[in-house]
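For the sequence shown, counting from 1, position 71 maps to 71 in the UniProt record's numbering; every step adds exactly one.
Here a beta-carbon is modelled for each residue, glycine too, at the ideal position from N, C-alpha and C.
The structure displayed is predicted, hence computed values, not measured ones.
In what follows, a structure is listed as structure tokens, so that the remarks can point back to it.
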Amino acid sequence: MSETDTIVLLKQENERLKRENEILMETVCQIRTTVNRLIDRYVIRGGAEKDLPREDGENSFGRCEKLEKELSH
């Protein structure tokens with residue numbers, strides 16, 4: 001296998017890994033959002049209210065967006 005072939009294969013593998021990483025990040029974000037909602041609903045609020053924005057105006061999606069920003073650096 002030539003050096004050029006190796007480089008092409010490595011680039012393809014890199015792209016595949018990037019796609020898989022994006023899928024995993026989306027999955028982690030969804031799990032984190034679900035866990036935050038469950039904690040918020042059943043632990044913090046005792047199950048009395050639906051998943052409404054918190055007092056600071058942030059909801060589960062806001063926390064997820066912060067996670068994505070933190071992990072992308």
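**OP:** Within 10 angstroms of the Cβ of Thr33, are there 16 or more other Cβ atoms? Answer buried if so, exposed if not.
**Re:** Position 33 of the sequence shown holds residue 33. For Thr33, the number of other beta carbons within 10 angstroms of its own is at least 16, and it is reported as buried.
Subject >> Distance, Ile23 Cα to Leu38 Cα >> reply: Looking up residue 38 in the sequence shown gives position 38. Looking up residue 23 in the sequence shown gives position 23. Between the alpha carbons of Leu38 and Ile23 lies a distance of about 23 Å.
Subject >> Alpha-carbon spacing of Gly46 relative to Asp40, whole angstroms >> reply: Translated into the one-based positions of the sequence shown, residue 46 becomes position 46. Translated into the one-based positions of the sequence shown, residue 40 becomes position 40. Take the alpha-carbon of Gly46 and the one of Asp40: they are about 8 Å apart.
Original post:
Under three-state DSSP, which class holds Met1?
Top reply: The residue given as residue 1 occupies position 1 in the sequence shown. When DSSP states are grouped into helix, strand and coil, Met1 belongs to the coil group.
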